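Have a look at the structure below before the remarks.
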Amino acid sequence: MGRVTVCLVAVIFLLMLAGLQACARSVPEVRHVAVNARFTLLIASDASEFKDAVRGRVFDHYKPYSNVEVVNIGSLKTRQTGDFDAVLIIDTCLGWSRFNPSMKAFLDGAQDPDRVVLFMTVDDTEWAFTYQGVDAMTAASHMEDEDRVAADLIRELDKILQARRSSVD
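Heads up: the sequence shown begins at 1233 in the numbering used here, then just goes up one per residue.
Here you go:
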């Protein structure tokens, strides 16, 4: 019985270590400045193969005509919505705590939540989530959905950016 317990503890420890390693992956922070930029966009994200691919597509779409800053989601607490024309947050539903504490702090302090697009990767794609007036878009992390998810996020960001441009003109 003792040997089984030791093996079980060792397996659990290794699984926890692997889980922590996966969570420890961070997003390379990048600041792209475009000549004659029409917009400023903040993309805050955690990392996974799926999120990296989606984030890359959104970044590539906007970089020819926008200043785009990409930060690890933990850096959100040092940013303000008013400093950007639009903000895209890509996060993971963390079960019982729902989402990243940095994202919660950012949304709690958001003066302009209408500038925020929130995307959450979830297991239950029927799950609907709203926080501080921001409705989350949700999807499972399936690589075959990368194009569709990126297009949906770009469409939502374009709505915000068009409204911002109309209010300035």
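Glycine is no exception: its CB is placed at the ideal position from the N, C-alpha and C atoms. Note that this is a predicted model, so its numbers are computed, not measured.
| query | result |
| --- | --- |
| Which residues in the same chain have their Cβ closer than 8 Å to the Cβ of glutamine 1343, if we skip the five residues on either side of it in sequence? | Gln1312, Thr1313, Gly1314 |
| Only counting runs of 4 or more residues, tell me where the alpha helix (DSSP H) segments fall wholly within the region 1323-1371, in order along the chain. | 1333-1340 |
| Please report how far the alpha carbon of arginine 1347 lies from the alpha carbon of valine 1302, in whole angstroms. | 16 Å |
| Quick one, which of Val1349, Ile1386, Met1369, Gln1364 has its alpha-carbon nearest aspartate 1358's? | Residue 1358 is actually glutamate in this sequence, not aspartate. Answer by Cα proximity: Met1369. |
| In angstroms, rounded to a whole number, what distance separates the CA positions of serine 1277 and valine 1259? | 7 Å |
| With H, G and I counted as helix, E and B as strand and the rest as coil, what does DSSP make of phenylalanine 1316? | coil |
| Quick check: the Cα distance between lysine 1336 and valine 1366, rounded to an integer number of angstroms? | 11 Å |
| Could you tell me how far apart the beta carbons of tyrosine 1294 and leucine 1273 are, in whole angstroms, since I believe they sit closer than 8 Å? | 5 Å |
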